[in-house]
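Novice:
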Amino acid sequence: MSGIVNSQSNRRQFLTALGGVAAFSIMPTGAWASSPNGRLQIAQIGAGGRGKGNFDSLLRLPNVDIVALCDVDSNSLAERSTEVPKAETFRDYRKLFDKLGDRIDAVLVCTPDHMHAPISSHAMELGKHVYCEKPLAHNVVENRQLRLLAEERGVVTQMGIQVSASIGQRMTVEYIKSGLIGKISEVHVWSNKSWGSDDLLPVTTNPVPANLDWGLWLGVAEERLYREKIFHPGQWRRLLDFGTGTLGDMGVHIFDTPYRALELTSPKWVRSQCRKPNGFAHPTSVKTEYQFGATQYTAKSLKWTWYDGANGPPSRIKGFNDNGTVQLPRQGCVMIGEKGVMMMPHMSGPQTFPRELIRSVPRPEIDPLDHHSQWINACLGEGSTGSPFSYGGPLCEALQLGVVASRYPGKKLTWNPRSMKISNFSEANQHLSREYRAF
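With numbering that gives the first Met the number 0 applied, the sequence shown has no gaps in its numbers, which climb one by one up to 438 at the end.
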């Protein structure tokens, strides 16, 4: 993004100017592990949920040793540790770093969203390579901080958007950049998922399960009493304090293809339509509009619309599906260009309208790619990653500006990426970052 330079002093000035933000400190780089026999020494933080998927992906690779596991839930920790019995186990990631900082090369972070930035920043400050699940962070400012810190430390990073490595996604990017459907004037992206709640915080509380360290689970978030099946293990994605809703979460996957293909950066403004805020959870249905500046792959202006929950997929897309005859997938994107339309269902390949358009050009030659091995190989000095924090940071900034806009339904928020402020509505700036709780 424009206006940001890489030096440590400027990063500090940027963080200081934001005010009220828990800026990441700078600590000396730790000693590197020896990587015996060319095998990367990894600590995984977060072992349940998506943590299991990442864990399984790492175990399939020949040049990896998982030497440490950390999770606040002893049940998840025990399940994973049976497969790597030599790995040391921890409940608190800070104790892991204190004890094994000189034995690990890289860290995989797969916790609830609100702890992505604190853990990833700690790892990078120690000079460790980082793979962090999507979304990169919990709020707009944290995304910027992580990007700058990764640049400053020179570590290898990867955000966990596995679909970005798929042949269908990469093929779509190639087609768009080749000009197959011409310059793009509109993008429509959607998910039918409803990762929010229209209910209020339940009054009833529950005893904390013996397997869960509730204080560590809360981490930097505001202290709350435990509610069974509300916070842990899975519903936190719906909640303001811990997740980013459907837009901030699934949006990472579904924004990725057109955002990458069109080489977008910051939106000029954003506006959301949804129910009134309830102070507890994200809305179950949102429609969010963005205005992006032009790039070489777009028309002079680009209209971008997101739909989720009951809004997704959209029932009509003007100029493409006016009569509703095209069967839209439950999740996906449509790009409207000068010469035609391209649709890419989530986890699938591209389609064009007219249909024969895609058959009029040679199919791009796309080799298979594994998202995790790409990161591992880059950490070991071979190649680079496809979704480093330099890409994931700006993408998630844009997404989470839409999440902020959902707190002010109908209000157009004008964004200044240089000052990192919403310039026309100062009240909304309080939601760009958070104060960290000491824990």
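Note that CB positions come from ideal geometry on N, CA and C, so glycine has one too.
1. Between the beta-carbon of G195 and the beta-carbon of T283, is there less than 7 Å?
2. Taking only the alpha-carbon atoms, compute the straight-line gap between L107 and R362 and give it to the nearest angstrom.
3. Could you give the distance in angstroms between the alpha-carbon of C131 and the alpha-carbon of Q157?
4. If you check the beta carbons only, do P344 and P367 fall under 7 Å apart?
5. Closer than 6 Å by C-beta to I180: which residues in its own chain qualify, once you throw out the five before and the five after it? Chain order, please.
6. In terms of alpha-carbon separation, which member of H128, K133, V162 and S165 lies closest to L148?
7. Would you identify the three-state DSSP class for W235, choosing helix, strand or coil?
8. Taking the C-alpha atoms as reference points, what is the distance between A105 and G250?
9. Could you tell me the alpha carbon to alpha carbon distance between K420 and V360, rounded to whole angstroms?
10. Under 7 Å Cβ to Cβ from G392, same chain only, skipping five residues before and after it: list those, please.
11. Tell me which residues share the same chain as N428 and place their Cβ nearer than 6 Å to its Cβ, disregarding the 5 neighbours each side in the sequence.
12. Could you check which residue in P111, D97, I65 and L58 has the C-alpha nearest to that of D72?
13. Distance check for Q295 and G311, CA to CA, integer angstroms please.
14. In the structure shown, what three-state DSSP assignment does G336 receive?
15. Under the assumption that G218 contacts M114 (Cβ atoms under 8 Å), give the Cβ distance between them as a whole number of angstroms.
16. Pull up the CB-CB distance for G126 and R152, whole angstroms please, since I reckon it's below 8 Å.
17. Tell me, please, whether the stretch 288-307 touches the stretch 252-264 by the rule of three or more beta-carbon pairs shorter than 8 Å.
18. Taking the alpha carbon of G48 as the reference point, which residue from R59, D70 and G385 has its own alpha carbon closest?
19. Tell me the DSSP secondary structure of T324 in three-state form.
20. Measure the Cβ-Cβ separation of V188 and I103 and say whether it is below 7 Å.
21. Could you spell out the range, first to last residue, of the beta strand (DSSP E) harbouring P363?
22. Mind checking which residues open and close the alpha helix (DSSP H) that includes M249?
23. Rounded to whole angstroms, what's the CA-CA distance from I65 to V140? Just pull it up for me.
24. Report the CB separation of Q40 from L68 in whole angstroms; it is logged as a contact under 8 Å.
25. Per DSSP, H128 is paired with what?
26. If you drop the 5 nearest sequence neighbours on each side, which residues of the same chain put their C-beta closer than 6 Å to that of T28?
27. Please go through the same chain and pick out, in chain order, the residues whose beta-carbon is closer than 6 Å to the beta-carbon of H137, but skip the five residues on each side of it.
28. What does DSSP give as the partner residue(s) for V269 in the beta ladder?
29. Name the residue from H231, T88, D307 and A122 whose alpha carbon lies nearest to the alpha carbon of N205.
30. Under 7 Å between the Cβ atoms of W414 and P276?
31. Mark P117 as exposed unless 16 or more other C-beta atoms lie within 10 angstroms of its C-beta, in which case mark it buried.
32. Would you identify the three-state DSSP class for G167, choosing helix, strand or coil?
33. Using the beta-carbon count (16 or more within 10 Å), is T203 buried or exposed?
34. Thinking just about the alpha-carbon of each residue, which of Q399, D255, Y407 and A122 is nearest to the one in S432?
35. Alpha carbon to alpha carbon, how far is V154 from G348?
Specialist: With the given structure in hand:
1. Position 196 of the sequence shown, counting from 1, holds the residue named residue 195. Position 284 of the sequence shown, counting from 1, holds the residue named residue 283. Against a cut-off of 7 Å, the Cβ pair of T283 and G195 comes out as a contact.
2. Translated into positions along the sequence shown, residue 107 becomes position 108. Translated into positions along the sequence shown, residue 362 becomes position 363. Whole-angstrom Cα-Cα distance: 35 Å.
3. Reading the sequence shown from its first residue, position 132 is the one you call residue 131. Reading the sequence shown from its first residue, position 158 is the one you call residue 157. The alpha-carbon separation between C131 and Q157 amounts to approximately 6 Å.
4. Walking along the sequence shown from the start, residue 344 turns up at place 345. Walking along the sequence shown from the start, residue 367 turns up at place 368. Taking 7 Å as the Cβ cut-off, P344 and P367 do not qualify as a contacting pair.
5. Walking along the sequence shown from the start, residue 180 turns up at place 181. Around I180: G336, K338, G339 and M341.
6. Position 149 of the sequence shown, counting from 1, holds the residue named residue 148. Checking every option, the nearest Cα to that of L148 belongs to H128.
7. On the sequence shown, residue 235 is found 236 positions in, with the first residue counted as 1. Secondary structure at W235: helix, using DSSP grouped into helix, strand and coil.
8. Counting from one through the sequence shown, the residue named residue 105 turns up at place 106. Counting from one through the sequence shown, the residue named residue 250 turns up at place 251. So the alpha carbons of these two residues sit roughly 27 Å apart.
9. For the purposes of this step, residue 420 is identified with residue 421 of the sequence shown, where counting begins at 1. For the purposes of this step, residue 360 is identified with residue 361 of the sequence shown, where counting begins at 1. Answer to the nearest angstrom: the Cα atoms are 44 Å apart.
10. Along the sequence shown, one-based indexing puts residue 392 at 393. Same-chain partners within the cutoff: L135, N142, R143, L145 and R146.
11. Walking along the sequence shown from the start, residue 428 turns up at place 429. Excluding positions up to five away in sequence, the list reads K420 and I421.
12. Locating residue 72 in the sequence shown gives position 73, where the first residue counts as 1. Selection P111, D97, I65 and L58 evaluated against D72 yields P111 as nearest (Cα-Cα).
13. Locating residue 311 in the sequence shown gives position 312, counting from the first residue. Locating residue 295 in the sequence shown gives position 296, counting from the first residue. Roughly 29 Å between the two C-alpha positions.
14. Here residue 336 refers to the residue found at position 337 when the sequence shown is read from its first residue. Correct three-state label for G336: strand.
15. Residue numbering aside, residue 218 sits at position 219 when the sequence shown is read from its first letter. Residue numbering aside, residue 114 sits at position 115 when the sequence shown is read from its first letter. Indeed they touch by this definition, with Cβ atoms about 5 Å apart.
16. In the sequence shown, residue 126 corresponds to position 127, counting from 1. In the sequence shown, residue 152 corresponds to position 153, counting from 1. The beta carbons of G126 and R152 sit about 6 Å from each other, so the pair counts as a contact at 8 Å.
17. The stretch 288-307, when compared against the stretch 252-264, does touch it at the 8 Å Cβ threshold.
18. If you number the sequence shown from 1, residue 48 lands on position 49. Looking at the Cα atoms, D70 is the closest of the given residues.
19. Mapped onto the sequence shown, residue 324 falls at position 325. In this structure, T324 counts as coil in the three-state DSSP scheme.
20. In the sequence shown, counting from the first residue as 1, residue 188 sits at position 189. In the sequence shown, counting from the first residue as 1, residue 103 sits at position 104. No; because the gap between Cβ atoms is not below 7 Å, this pair is not in contact.
21. Position 364 of the sequence shown, counted from the start, is the residue given in the question as residue 363. Run containing P363: none; DSSP gives neither H nor E here.
22. By one-based count along the sequence shown, residue 249 stands at place 250. Run containing M249: G244 to A260, per the alpha helix (DSSP H) assignment.
23. Here residue 65 refers to the residue found at position 66 when the sequence shown is read from its first residue. Here residue 140 refers to the residue found at position 141 when the sequence shown is read from its first residue. Rounded to whole angstroms, the gap between the alpha carbons of I65 and V140 is 31 Å.
24. On the sequence shown, residue 40 is found 41 positions in, with the first residue counted as 1. On the sequence shown, residue 68 is found 69 positions in, with the first residue counted as 1. Contact between Q40 and L68 does not hold, since the beta-carbon distance rounds to 13 Å and is not under 8 Å.
25. Here residue 128 corresponds to residue number 129 of the sequence shown, with the count starting at 1. Within the DSSP bridge table, the entry for H128 names A105 as partners.
26. Taking the sequence shown and counting its residues from 1, one reaches residue 28 at position 29. Residue placement at T28 is flagged as unreliable, the pLDDT there being 38, under the threshold of 50; the coordinate-derived value follows with that caveat. Apart from the 5 residues on each side of it in sequence, T28 sits with its Cβ closer than 6 Å to the Cβ of G126 in its chain, given in chain order.
27. Taking the first residue of the sequence shown as 1, we reach residue 137 at position 138. Counting only Cβ-Cβ distances below 6 Å, and skipping sequence neighbours, we find D112 and H113.
28. In the sequence shown, counting from the first residue as 1, residue 269 sits at position 270. BP columns for V269 point to Y289 and L412.
29. Residue 205 sits at position 206 when you count from the first residue of the sequence shown. Minimum Cα distance to N205 is reached at H231.
30. The residue given as residue 414 occupies position 415 in the sequence shown. The residue given as residue 276 occupies position 277 in the sequence shown. Not closer than 7 Å, so no.
31. For this step, residue 117 is matched to residue 118 along the sequence shown. By the 10 Å Cβ count, P117 comes out buried.
32. Within the sequence shown, residue 167 is the residue found at index 168, counting from 1. G167 falls in the helix class under three-state DSSP.
33. Residue 203 sits at position 204 when you count from the first residue of the sequence shown. An exposed status is given to T203, since fewer than 16 other beta-carbon atoms sit within 10 Å of its beta-carbon.
34. Sequence index remark: in the sequence shown, residue 432 carries index 433 (1-based). Among Q399, D255, Y407 and A122, the Cα nearest to that of S432 belongs to Q399.
35. Start at 1 with the first residue of the sequence shown, and residue 154 comes out as number 155. Start at 1 with the first residue of the sequence shown, and residue 348 comes out as number 349. As the crow flies, the alpha-carbon of V154 is around 32 Å from that of G348.
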